[in-house]
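Peer 1: One structure is given below, represented as C-alpha cells, and several questions about it will come after.
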Amino acid sequence: ALCAVSGATFLYHDYCIIGAGPAGLQAAYFLQRAGRHYIVFERSHAPGSFFALYPRHRKLISINKQYTGKSNSEFNLRHDWNSLLSHDPRLLFRRYSRDFFPDADTMVRYLEDFASLLKLRVQYNTAIIHVTLEKNEQAWNGHYFVLTDQDRKNYKCSSLLVAAGMWVPNVVNFPGSEYVEGYETVSTNPEDFTGQTVLILGRGNSAFETAENILGVTNFIHMVSRSRVRLSWATHYVGDLRAINNGLLDTYQLKSLDGLLEGDLEDLAIVKDKKGKLHITLRFYLENRNISAGIDSITLPQDELDNFATRAPYDRVIRCLGWKFDFSIYNRSLRMMPGKGNIKKYPQIKASYESRGTRGLFVLGTASHSVDFRKSAGGFIHGFRYTTRAVHRLLENRHHGVPWPSTAYPVTQLTNAIIKRVNEASGLYQMFSVLADIILLRENATAFEYLEEFPIGVLAELEMHTGRKARNGLFVIIMEYGRNFSGADKDVFYYNRAVGEAQHAWQSNFLHPVIYYYRSLPTEREMRLRPPEWPLPRPDAIHHIVEDFLTDWTAPNAHILPLRRFLENCLSTDLRHFFAESCFLFAFTRQKLPPSCQQGYVGMQGLLGSRELREHAARAGLLQDYTHTHSAGDRAPDSHHGSQEQLMTDPGVPVHPLQHLVNAKDE
Numbered sequence: 001a002l003c004a005v006s007g008a009t010f011l012y013h014d015y016c017i018i019g020a021g022p023a024g025l026q027a028a029y030f031l032q033r034a035g036r037h038y039i040v041f042e043r044s045h046a047p048g049s050f051f052a053l054y055p056r057h058r059k060l061i062s063i064n065k066q067y068t069g070k071s072n073s074e075f076n077l078r079h080d081w082n083s084l085l086s087h088d089p090r091l092l093f094r095r096y097s098r099d100f101f102p103d104a105d106t107m108v109r110y111l112e113d114f115a116s117l118l119k120l121r122v123q124y125n126t127a128i129i130h131v132t133l134e135k136n137e138q139a140w141n142g143h144y145f146v147l148t149d150q151d152r153k154n155y156k157c158s159s160l161l162v163a164a165g166m167w168v169p170n171v172v173n174f175p176g177s178e179y180v181e182g183y184e185t186v187s188t189n190p191e192d193f194t195g196q197t198v199l200i201l202g203r204g205n206s207a208f209e210t211a212e213n214i215l216g217v218t219n220f221i222h223m224v225s226r227s228r229v230r231l232s233w234a235t236h237y238v239g240d241l242r243a244i245n246n247g248l249l250d251t252y253q254l255k256s257l258d259g260l261l262e263g264d265l266e267d268l269a270i271v272k273d274k275k276g277k278l279h280i281t282l283r284f285y286l287e288n289r290n291i292s293a294g295i296d297s298i299t300l301p302q303d304e305l306d307n308f309a310t311r312a313p314y315d316r317v318i319r320c321l322g323w324k325f326d327f328s329i330y331n332r333s334l335r336m337m338p339g340k341g342n343i344k345k346y347p348q349i350k351a352s353y354e355s356r357g358t359r360g361l362f363v364l365g366t367a368s369h370s371v372d373f374r375k376s377a378g379g380f381i382h383g384f385r386y387t388t389r390a391v392h393r394l395l396e397n398r399h400h401g402v403p404w405p406s407t408a409y410p411v412t413q414l415t416n417a418i419i420k421r422v423n424e425a426s427g428l429y430q431m432f433s434v435l436a437d438i439i440l441l442r443e444n445a446t447a448f449e450y451l452e453e454f455p456i457g458v459l460a461e462l463e464m465h466t467g468r469k470a471r472n473g474l475f476v477i478i479m480e481y482g483r484n485f486s487g488a489d490k491d492v493f494y495y496n497r498a499v500g501e502a503q504h505a506w507q508s509n510f511l512h513p514v515i516y517y518y519r520s521l522p523t524e525r526e527m528r529l530r531p532p533e534w535p536l537p538r539p540d541a542i543h544h545i546v547e548d549f550l551t552d553w554t555a556p557n558a559h560i561l562p563l564r565r566f567l568e569n570c571l572s573t574d575l576r577h578f579f580a581e582s583c584f585l586f587a588f589t590r591q592k593l594p595p596s597c598q599q600g601y602v603g604m605q606g607l608l609g610s611r612e613l614r615e616h617a618a619r620a621g622l623l624q625d626y627t628h629t630h631s632a633g634d635r636a637p638d639s640h641h642g643s644q645e646q647l648m649t650d651p652g653v654p655v656h657p658l659q660h661l662v663n664a665k666d667e
C-alpha cells in the first residue's frame, strides 16, 4: 500500500520485521499463516547473514539429534535445537545435516529454503538505517513507525518487530588496544599461529572456539577475562562454555602451558617492543608516561613482581568478547534504551517482549534474551522459536481480536492433559521457567480451558493478553531445575544428586514439571514481590512431579497418582474414574457424584458390559465378584442383592455401560 504525507511517499505495511535471521523468518511464518500484511527487511542478499560469517570456525554448538527412539514430532523438537517451527516436515533440520553439531553453512542453506519454500515476503538488500515515530491517533498504537533504508526510501508500519540480532562486536578500549585483533577478522588457519604465543581476551564459546582451533600449533595460549569460566553443565545455561570447546581447560589443569586468568580488561595496557612482541602491563603504570616513548621507559609489572603471571611477551592478542545490539538506527523518540548491569548489551523490554519505551515495538530473537539471560534458552533458536510464537499470539489478540488458542475439556481429563503436555511439549522444556501452560478452571471446576506456552512474566495481565477469563482459579505448569542446583561453582556430579521417591519430589534437582495452583490470578504487585529466584509468586498450593532419569513422567505410582491427588485436594473433588456399578451405588449413597460418574455414567457413556469384562474386573479387584460370594439359596430372589446379582450375571438383562477408565478402586 502507498500513502503520501507532506510530499513524501511511504510504503505501508501492518507489520514490519527488521532482519531475516531465524527469528525474523519465524515471525514472518506466523504472520503469513494468519494472513497478515507484513514485510521483512534484510540488509544482505540472503537470509541468515550472521551465520554466513559466524561462528568463524563454522561448527555450530546447537545439537541436531537424529534419533530419540520416538516418533512424536513435538517431543523430538526437545532435542532439535536448529529447526524453526512450521507445518512442513521438509523443513526439519535433520533433513539437512546428520551431524550432531552441524556446519554453519548448512544453517544458511536451511534458512534460505525456509524463506523460499514457504514463500515468505522478504525484501533483500534493504538496510534500515533510521527508525522514527509519527504520532497518529488512527494508528493501532497511537503512532506509526517510519523506517528509512539506505536508498532513502521510506516505509510506514503499525507494528515493528525487531529481529536484527546482536552483531556489533564488544570492544574494550585501553592503551595499546589498537594491537588487538578481533574475532570477526582473525585468521582461522592454524598454520598462521605456528610457534606463536597468544593471549585471548574473553571467556565465552567464541574465545574457547578460537583457542581450540590453534591449541596444537601454538607455544601456549593464555586467556584473560573479568569473570571465572562458567561451564554449561554446571550452570544449565546453553550460552556458557560447552564441552565441545573446552580443550584448553584440560591443557590448563593438566599443566601443559596454557592458562586462564581473571582480571578487569579495562585495567590492562599493551606495549609493543622493537621486535613486534606485545607486553602486558597495567594502565596505572602508564598514567604519567607517553606510550610512544618506548618500552624501555615504561614500568612493567614484572619489574616490581618478578613472577607476574603474564610477564612473557605475546605474538598476538585476540579479542573474543561477544556482541551487542545496534542502538544507532533508532531515533530518540523510540526510547530504545540499553538494559542495566550484565544485560546492558540488550535493549530494555518487558516480559511480553515489548519495548519499555514504545508501545507496538517488539524485540524478537537473540536480542530479546534480557528476559531470561543466563537462565533459559531465549537467546537461541531452540528457545526463541517459541517466544516468537507467543509474541504472535499476543499481537493476534491485541490487534485482530483473535484470543489465545485454547482447548476446553471436562475436568475428568485434567490429569491426562497435564501428563500429556509435560511428557511431550517442547516449548515448556526448552523455555523452562519462562513459558508455562495455563489451565483456567470453569465455574464449579467441572471443566477447564488449556492454554499453551504463555510467558509467565506477564501472568498478572493474562486476561488482557489472551482474551480469556480467569475467574475461577488456575493451574500454572512449568519446568524447573532445583533451586540450588545450578551455578558456576556447583558440583553437579555429586553422589545422590537425583531424587527417586515421590515424597521427596520437591527436592528434585534436574529439570522436572512443577504445578502451581492459584485461587485467583496473581496481581502485578504479587509478581513484583515474588521470592528471589522464584519464577512465580507464592501459590495457594504447589506440586513437584519427581525428576525422572528418562524425562518420562508416566509412572502410575511415582508420577500420575501424586499429581492426581494434588489436583483433587486443590479442587475438593474426586478425579478417579469408576465402573458403572460404583457410579450406580454412589447415585444412591452420595449427595454428590464424582465428575467421572456425572459426565460418564449419567450421560450413558462407557463400555457395554460382558461376562469377560466383569470377570477381568473381579480378578483385578475392581468389582466385587457377587457370583462366588453367595450361593443362590442364601438369599430370596426378590431381595435387592439378588436382583443386583441377576443384573450383573444374567446376559439376557441389558447392562448399564461400564466405565473403561483407570484407578477404579484406588483408595
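Numbering (full-length UniProt numbering), first residue to last: 1 to 667.
Ideal Cβ positions, reconstructed from N, Cα and C, are used throughout, including at glycine.
Just so it is clear, the structure is predicted and the values come from calculations on it, not from any experiment.
1. For isoleucine 381 and lysine 344, what's the separation of their Cα atoms in angstroms?
2. Three Cβ pairs or more, each shorter than 8 angstroms: is that satisfied between the segment 355–365 and the segment 330–337?
3. Bridge partners for methionine 431 per DSSP, in chain order?
4. Less than 8 angstroms between the CB atoms is what I'm expecting for leucine 414 and leucine 536, so what's the real figure, rounded?
5. Please confirm whether isoleucine 515 and phenylalanine 475 have their CB atoms less than 7 angstroms apart.
6. Pull up the CB-CB distance for glutamine 123 and threonine 412, whole angstroms please, since I reckon it's below 8 angstroms.
7. State the DSSP-derived secondary structure class of proline 313, mapped to helix, strand or coil.
8. Rounded to a whole number of angstroms, what is the C-alpha to C-alpha distance between alanine 488 and serine 49?
9. For alanine 367, which residues from the same chain have a beta carbon less than 7 angstroms from its beta carbon, with the 5 sequence-adjacent residues on both sides left out?
10. Under 7 angstroms between the Cβ atoms of tyrosine 15 and leucine 31?
11. Would you please verify whether the beta carbon of glycine 48 is less than 7 angstroms from any beta carbon of chain C?
12. Please go through the segment 10–39 and give each complete beta strand (DSSP E) segment of 3 or more residues, from N-terminal end onward.
13. Which word fits alanine 498, buried or exposed, when buried means at least 16 other C-beta atoms lie within 10 angstroms of its C-beta?
14. Please work out which residues of its chain come closer than 6 angstroms, Cβ to Cβ, to proline 102, disregarding the five sequence neighbours upstream and downstream, and give them in chain order.
15. Identify the residues that DSSP records as bridge partners of phenylalanine 145: which are they?
16. Exposed or buried, which one is asparagine 213 when buried takes at least 16 other CB atoms within 10 Å?
17. Does the segment 138–146 come within contact of the segment 169–179, defined as at least 3 CB pairs closer than 8 angstroms?
18. I'd like to confirm the pairing. Which residues does DSSP put opposite alanine 541 in its beta bridges?
19. The alpha helix (DSSP H) spanning tyrosine 252 covers which residue range?
20. Is there contact here, the segment 236–255 with the segment 204–211, by at least three beta-carbon pairs under 8 angstroms?
21. Count the C-beta pairs between the segment 420–433 and the segment 63–80 that are closer than 8 angstroms, then say yes if the count reaches three, no if not.
22. For a quick check, are the C-beta atoms of phenylalanine 100 and leucine 25 less than 7 angstroms apart?
23. Assuming glutamate 396 is part of the beta strand (DSSP E), what are its boundary residues?
24. Please confirm whether proline 313 and lysine 277 have their CB atoms less than 7 angstroms apart.
25. Say whether the segment 186–200 touches the segment 217–224, bearing in mind that this needs 3 or more beta-carbon pairs closer than 8 angstroms, one atom from each stretch.
26. To the nearest angstrom, how far is the alpha carbon of tyrosine 450 from that of cysteine 570?
27. Spatial neighbours of glutamine 66 within its chain, please: C-beta separation below 7 angstroms, excluding the five flanking residues on both sides.
28. Let me know if tyrosine 110 comes out buried or exposed under the rule of 16 or more other beta-carbons within 10 Å of its beta-carbon.
29. Please name the residue in Arg228, Gly19, Val108 and Pro190 whose C-alpha comes closest to that of leucine 160.
30. If you reduce the DSSP assignment to three classes, tell me which class methionine 479 lands in.
31. Between which residues of its own chain and leucine 260 is the CB-CB distance below 7 angstroms, once the five residues before and five after are set aside?
32. Is alanine 505 closer than 7 angstroms to leucine 546 when the C-beta atoms are compared?
33. Return the first residue and the last residue of the alpha helix (DSSP H) that threonine 466 is part of.
34. For glutamate 463, tell me which candidate among Trp404, Arg519 and Pro513 has the shortest Cα-Cα distance.
35. Can you give the Cα-Cα distance for alanine 269 and arginine 374, rounded to whole angstroms?
36. Between the Cα of glutamate 480 and those of His512, Ala234 and Leu117, spot the shortest distance and give me the residue it belongs to.
Peer 2: On the basis of the supplied data:
1. Answer to the nearest angstrom: the Cα atoms are 21 angstroms apart.
2. Yes, the segment 355–365 touches the segment 330–337.
3. According to DSSP, which records beta bridges pairwise, methionine 431 is partnered with nothing at all.
4. Wrong, their Cβ atoms sit about 20 angstroms apart, outside the cutoff.
5. Yes.
6. Taking 8 angstroms as the upper bound for CB-CB distance, glutamine 123 and threonine 412 are not in contact here, some 51 angstroms apart.
7. For proline 313, the secondary structure class from DSSP, reduced to helix, strand or coil, is coil.
8. Those two C-alpha atoms are separated by around 33 angstroms.
9. Val162, Ala164, Gly165, Met166, Phe325, Tyr346 and Pro347.
10. Between tyrosine 15 and leucine 31, the CB-CB gap stays under 7 angstroms.
11. Here there is only one protein chain, and chain C is not present.
12. For secondary structure counted as the beta strand (DSSP E) over 3 or more consecutive residues, the segment 10–39 holds no complete run.
13. So alanine 498 counts as exposed.
14. Sequence-distant Cβ neighbours of proline 102 in its own chain, meaning closer than 6 angstroms and more than five residues away, are Leu60 and Asn64.
15. Listed as beta-bridge partners of phenylalanine 145 by DSSP are Leu133 and Cys157.
16. With a 10 Å radius around the Cβ and a threshold of 16 neighbouring Cβ atoms, asparagine 213 comes out buried.
17. Too few Cβ pairs lie closer than 8 angstroms, so no.
18. In DSSP, alanine 541 forms a bridge with Tyr517.
19. Annotation for tyrosine 252: the continuous alpha helix (DSSP H) segment containing it runs 247–253.
20. They touch, by the three-pair rule.
21. Because the criterion of three Cβ pairs below 8 angstroms is met, the segment 420–433 and the segment 63–80 touch.
22. It is not a contact, given that the beta carbons lie outside the stated cut-off.
23. Boundaries for glutamate 396: no beta strand (DSSP E) harbours it, while the alpha helix (DSSP H) harbouring it runs 381–400, taken from the DSSP string.
24. Yes, these two residues count as a Cβ contact at 7 angstroms.
25. Yes, the segment 186–200 is in contact with the segment 217–224.
26. Approximately 17 angstroms between the Cα atoms of the pair.
27. Excluding positions up to five away in sequence, the list reads Arg94 and Arg98.
28. Burial of tyrosine 110 is indicated by the presence of at least 16 other C-beta atoms within 10 angstroms of its C-beta.
29. Taking only the C-alpha atoms, the option nearest leucine 160 is Gly19.
30. In the three-state DSSP reduction, methionine 479 falls in the strand class (E or B).
31. These residues qualify, in order along the chain: Met223, Val229 and Tyr252.
32. According to the sequence shown, residue 546 is valine rather than leucine. Result yes, Cβ atoms of valine 546 and alanine 505 sit closer than 7 angstroms.
33. 462–466 is the span of the alpha helix (DSSP H), which, as asked, contains threonine 466.
34. Ranking Trp404, Arg519 and Pro513 by CA distance to the CA of glutamate 463 puts Trp404 first.
35. Our two residues, alanine 269 and arginine 374, have alpha carbons roughly 30 angstroms apart in a direct line.
36. Relative to the Cα of glutamate 480, the nearest Cα in the group His512, Ala234 and Leu117 belongs to His512.
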